[in-house]
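Structure first, then comments.
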DNA sequence: CAAAATAGTACGAACGTTCGTATTTGTCAA
DNA sequence: TTGACAAATACGAACGTTCGTACTATTTTG
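Residue numbers (my numbering), protein chains in the order written: chain A, 260 to 468; chain B, 260 to 468.
Structural data, given as structure tokens:
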């Protein structure tokens, strides 16, 4: 009972630290100190540091789904939902869901080239995200909102790349305009694929603002 | 004399290790072992680990400029040079200039959120790159190859994002199609900005292949 | 030979981990 | 409701290792 509560609070802190210092920089000693508990106390909940890292990745994934992805999935199917997902991501970086920016982007670069369970877990979490993105594009296409020649995998790749770019520019180069640039690029790209429904309802350019 | 040679060979190895294991994972002990020299021997060349990290970043920057950027700058000014830079980057990831993918992408994510000299050096190196990219776009625009409304900073941001995305997808998700996708996206984006010179020389669609 | 470069050795701190023990907690009989 | 007790949870101390770094001695080089 109590154990589960403690475990969760450990993981929350672990995710925050890892998003700032990396999954290796997430140190048992530091984590224990910040939680005001002993190192050995931590080992009652996690058998090893690797266990802790894996649990932290899963916890981060859940946090991301709960706070970013799921709310966006509430939008109407098709183009609106796709845009909602994109906007949710752009907000997510600035909103401080993870204190160090995008947890997964950082973890990806930290563990690519280091085979093992941790790397696989990160890759799997990122896969889920890219697949969700791809699915949103595909649905928008099937809904008739996007050009039927649209390649969902290609568009998902491009969107994801813009997310990475935005995260990078706003974090390291702390360029405040990065999010805006990414938003602009995304809107423009998706607009270029959008079906205008000119048959049923002619496209009328709305007055600016 | 000999010292300088040794220093260079230390740095080459250091850059390779750091590109795989990160700048923190680049450890004095490991580096010494791989070079078959003593830890204290290393300290004759670098006053501290931070010194070593800074020198490794500079060394990586030089390697990147020499092997990737400078060759591409040989292309004719304007659109061709811009495309040459983009292609050089796309090749660079797959070509194994750094064994762990893009040195700077990894370093960026490792050190964002950790203020200090190392972070600043990484940011500065990346700045130079983004500025070079932006300059190439601006030149292409001034040369009349791109739509005069083109915003060089925006395009540089988008291109750089695609580079990040390609590196990520091909490294962590080892998706072999990532480079192709990025290439396609870049070509399409730049094509959309291209001036067709329809006044002086009408645009004639060449036969496919 | 003087100077530059390298090796050897040692240090304190921090790393992940283990162990035996103390404390807290939930359960159930009284 | 309480008391007792086993299980769950947390602790302090210590382990062996590796980290970055300092100091001194020795070899290599110009």
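Just so it is clear, CB atoms sit at the ideal spot from N, CA and C, and this is done for glycine as well.
According to DSSP, residues forming a beta bridge with residue i
| i | result |
| --- | --- |
| residue 453 of chain B | B/405 |
For residue j and residue i, the rounded distance between their alpha carbons
| i | j | result |
| --- | --- | --- |
| residue 334 of chain B | residue 354 of chain B | 20 Å |
| residue 286 of chain A | residue 283 of chain B | 13 Å |
| residue 270 of chain B | residue 328 of chain B | 20 Å |
| residue 362 of chain A | residue 281 of chain A | 8 Å |
| residue 346 of chain A | residue 442 of chain A | 8 Å |
| residue 290 of chain A | residue 367 of chain A | 22 Å |
| residue 264 of chain A | residue 352 of chain A | 27 Å |
| residue 424 of chain A | residue 348 of chain B | 15 Å |
| residue 420 of chain A | residue 427 of chain B | 8 Å |
| residue 314 of chain B | residue 314 of chain A | 36 Å |
| residue 311 of chain B | residue 292 of chain B | 16 Å |
| residue 401 of chain A | residue 339 of chain A | 13 Å |
| residue 422 of chain A | residue 422 of chain B | 12 Å |
| residue 387 of chain A | residue 438 of chain B | 21 Å |
| residue 298 of chain A | residue 409 of chain A | 53 Å |
| residue 462 of chain A | residue 325 of chain A | At residue 462 of chain A, the pLDDT of 37 sits below 50, so the modelled position is not reliable and the matter cannot be decided from this model. |
| residue 436 of chain B | residue 356 of chain B | 19 Å |
| residue 296 of chain A | residue 261 of chain A | 15 Å |
| residue 444 of chain B | residue 444 of chain A | 12 Å |
| residue 455 of chain B | residue 302 of chain B | 58 Å |
| residue 268 of chain A | residue 288 of chain B | 36 Å |
| residue 450 of chain A | residue 350 of chain A | 20 Å |
| residue 394 of chain B | residue 321 of chain A | 42 Å |
Contact under 9 Å by Cβ, residue i with residue j
| i | j | result |
| --- | --- | --- |
| residue 316 of chain A | residue 384 of chain A | yes |
| residue 278 of chain A | residue 374 of chain A | no |
| residue 371 of chain B | residue 360 of chain A | yes |
| residue 405 of chain B | residue 344 of chain B | no |
| residue 309 of chain A | residue 376 of chain A | yes |
| residue 411 of chain B | residue 396 of chain B | yes |
| residue 452 of chain A | residue 414 of chain A | yes |
| residue 341 of chain A | residue 398 of chain A | yes |
| residue 378 of chain A | residue 418 of chain A | no |
| residue 369 of chain A | residue 369 of chain B | yes |
| residue 272 of chain B | residue 304 of chain B | no |
| residue 319 of chain B | residue 274 of chain B | yes |
| residue 300 of chain B | residue 403 of chain B | no |
| residue 416 of chain B | residue 440 of chain A | yes |
Under 8 Å by beta carbon: chain A residues contacting residue i
| i | result |
| --- | --- |
| residue 432 of chain B | 382, 385, 386 and 389 |
| residue 443 of chain B | 413 |
| residue 353 of chain B | Simply none; closest approach about 14 Å. |
| residue 437 of chain B | 416 |
| residue 283 of chain B | 281, 283 and 284 |
Beta-carbon neighbours of residue i, restricted to chain A and to distances below 7 Å
| i | result |
| --- | --- |
| residue 427 of chain B | 367 and 423 |
| residue 309 of chain B | None at all; the shortest Cβ gap to chain A is about 16 Å. |
Residues that residue i contacts on chain B, provided the C-beta gap is smaller than 7 Å
| i | result |
| --- | --- |
| residue 317 of chain A | Those do not exist, as residue 317 of chain A stays about 17 Å from chain B at its closest Cβ, beyond 7 Å. |
| residue 419 of chain A | 424 |
| residue 303 of chain A | Within 7 Å Cβ-Cβ: nothing; residue 303 of chain A doesn't reach chain B, min ~28 Å. |
Per-residue contacts from residue i into chain B (C-beta, under 8 Å)
| i | result |
| --- | --- |
| residue 279 of chain A | 372 and 373 |
| residue 440 of chain A | 412, 413, 416 and 417 |
| residue 364 of chain A | 368 and 427 |
Closer than 8 Å: residue i CB and nearest the ligand MN heavy atom
| i | result |
| --- | --- |
| residue 295 of chain A | This structure simply doesn't include the ligand MN, nor any ligand for that matter. |
Neighbouring residues, chain B, relative to residue i (Cβ below 9 Å)
| i | result |
| --- | --- |
| residue 360 of chain A | 368, 371 and 372 |
- Item | Given 8 Å, three or more beta-carbon pairs between the region 379–396 of chain A and the region 422–432 of chain B | Contact holds: three or more Cβ-Cβ distances are below 8 Å.
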